[in-house]
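Peer 1: After the structure tokens below, expect a handful of questions from me.
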Amino acid sequence: MKCTKCGGVAVMNMPQHRLKLCADHYPEWVISMVQRTIDKYAMFDRDARILVAVSGGKDSLALWDILIRLGYETAGLYINLGIRHESYSDVSESLVEQFAAAHDGAPFEVVNVRETFGADVPELFKDSGRHTCSACGLVKRHIMNRWAHEGGYDAIATGHQVDDEAAVLMQNTLHWHSGYLRRQSPVLPSIHPRLARKVKPLCHLYERESAAYALLLDIPYVEQECPFSERAKTLFYKDILNQVERRSPGAKLQFYLSYLKAKDEGLFTLEALPSEMNTCERCGQPTQAGELCSFCRLWEAHRS
Ligand code: SF4
Ligand SMILES: [Zn+2]
Ligand SMILES: [Zn+2]
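0 is the number of the first residue of the sequence shown in numbering that gives the first Met the number 0; add one for each residue after it.
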């Protein structure tokens, strides 16, 4: 297999782009692809301050590395969820620390959910029959919004790639969750001063491509999956999409890009933004619920 650019030994084959690249040209291509994605969706400007949500996994660390190489002002945000199985959260945190040290002391913050709010995430929905991932999503969104607002960041960047986006899209399409379908996007604009703009600069990259990038650039990342992800439905949809991709290379990317195009062409009209938002009495975050936001209600339920 030869590199399309220099004829050297190719290490990555990307049939969806009719491209094979060597160990030198592959990282260059990934970095320029991410810059093109940032520009295409007007994610943020050159002088923006970006908070990168890092989990210790390959995607978010690859994203942070790429944004640093592209010269953006970034800081990492690691949320320690208190997942004790095989020390998952602590191992992930130490990999984030290791990454920052290897990148000239790149700035980052750690929010330990137990130390800050009083309990580990897996304790929150214990005995309620609800999936830990729902509590986890709520807690992560709340912390990301608050820390981005308090730190004065222009956007939160997350490491979602095509595989994540296509799996969520498939799940929402199969159920015709029109609200979610309208909202799924590489950029979620801020609809309130305390709710950060969210961007997904890896949304044109496949998962195997970000993994290859991390491996080639010697970025250590947590290889084990979160123990709760086994029950997460997205893994099931990822598996189906991988089967489709094997038969028809590029299908995953096409599925996602065609959806974005259809949206651009007006297939899904934008729902009206909530006209009024309340302010949570406890934490001050905006909410469409009554006096307490869902995050504060979650903790109220946990404590009672
Ligand atoms: S798999 Fe679920 S519990 Fe684990 S990090 Fe993801 S959302 Fe949180
Ligand atoms: Zn080459
Ligand atoms: Zn609140």
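Beta carbons: idealized from backbone N, C-alpha and C, even for Gly.
1. Taking 7 Å as the cut-off, is the beta-carbon of S228 closer than that to any non-hydrogen atom of ligand 1?
2. Count the other CB atoms within 10 Å of the CB of W175; is the residue buried (16 or more) or exposed (fewer)?
3. For ligand 3, which residues count as neighbours when the test is a C-beta closer than 6 Å to any heavy atom?
4. With a floor of 4 residues, list each alpha helix (DSSP H) that falls wholly inside the region 201-244, ordered by position along the chain.
5. Is it true that the CB of D58 sits closer than 8 Å to the CB of G158?
6. Specify, as a first and last residue, the run of the alpha helix (DSSP H) that L252 falls within.
7. Exposed or buried, what is T115 when buried is set at 16 or more other beta-carbons lying within 10 Å of its beta-carbon?
8. Just how far apart, CA to CA, sit S133 and V161?
9. Apart from the five residues just before and just after Y71, which ones in its own chain have a Cβ nearer than 6 Å to its Cβ?
10. DSSP three-state call for C295: helix, strand or coil?
11. Can you tell me which of L187, F294 and F227 puts its alpha carbon nearest to the alpha carbon of T278?
12. Consider the C-beta atom of G128 and the heavy atoms of ligand 1; say whether any pair is separated by less than 7 Å.
13. Got a sec: does ligand 1 put a non-hydrogen atom nearer than 7 Å to the Cβ of T131?
14. Secondary structure at R145, three-state DSSP: helix, strand or coil?
15. Under 7 Å: does the beta carbon of A105 sit that close to some heavy atom of ligand 1?
16. Between V112 and L194, what straight-line distance do the alpha-carbon atoms span, to the nearest angstrom?
17. For C282, which residues of its own chain have a beta-carbon under 6 Å away from its beta-carbon, when the five flanking residues on both sides are left out?
18. Compute the minimum distance between the beta carbon of H16 and the heavy atoms of ligand 2, and state whether it is under 7 Å.
19. Please work out which residues of its chain come closer than 7 Å, Cβ to Cβ, to S189, disregarding the five sequence neighbours upstream and downstream, and give them in chain order.
20. Classify C21 as helix, strand or coil using the three-state DSSP reduction.
21. Would Q284 and N144 be called neighbours here (beta carbons separated by less than 8 Å)?
Peer 2: Inspection of the coordinates gives the following:
1. At least one heavy atom of ligand 1 is nearer than 7 Å to the Cβ of S228, so yes.
2. Of the other Cβ atoms in all chains shown, fewer than 16 fall within 10 Å of the Cβ of W175; this residue is therefore exposed.
3. In chain order, the residues with a C-beta atom nearer than 6 Å to some heavy atom of ligand 3 are C279, R281, C282, Q284, L291, C292, F294 and C295.
4. DSSP runs (the alpha helix (DSSP H)) wholly in the region 201-244: 206-215.
5. With respect to D58, G158 sits close: the two C-beta atoms are nearer than 8 Å.
6. Per DSSP, the continuous alpha helix (DSSP H) segment holding L252 begins and ends at A250 to D263.
7. The residue in question, T115, is exposed, as its Cβ has fewer than 16 Cβ neighbours within 10 Å.
8. Computed Cα separation, rounded: 22 Å.
9. The answer, listed in chain order, is I49.
10. Looking at C295 - three-state DSSP - the assignment turns out to be helix.
11. It is F294.
12. The answer is no for G128.
13. Taking 7 Å as the cut-off, one finds at least one heavy atom of ligand 1 near enough to the beta carbon of T131.
14. Note: R145 maps to helix in three-state DSSP.
15. Incorrect: A105 has no Cβ contact closer than 7 Å to ligand 1.
16. So the two alpha carbons sit approximately 20 Å from each other.
17. For C282, where only same-chain residues beyond five positions count, the Cβ hits under 6 Å are C295.
18. Flag unset: Cβ of H16 not near ligand 2.
19. A195 and R196.
20. In the structure shown, C21 sits in a strand (DSSP, three-state: E or B).
21. Between Q284 and N144, the C-beta spacing is below 8 Å.
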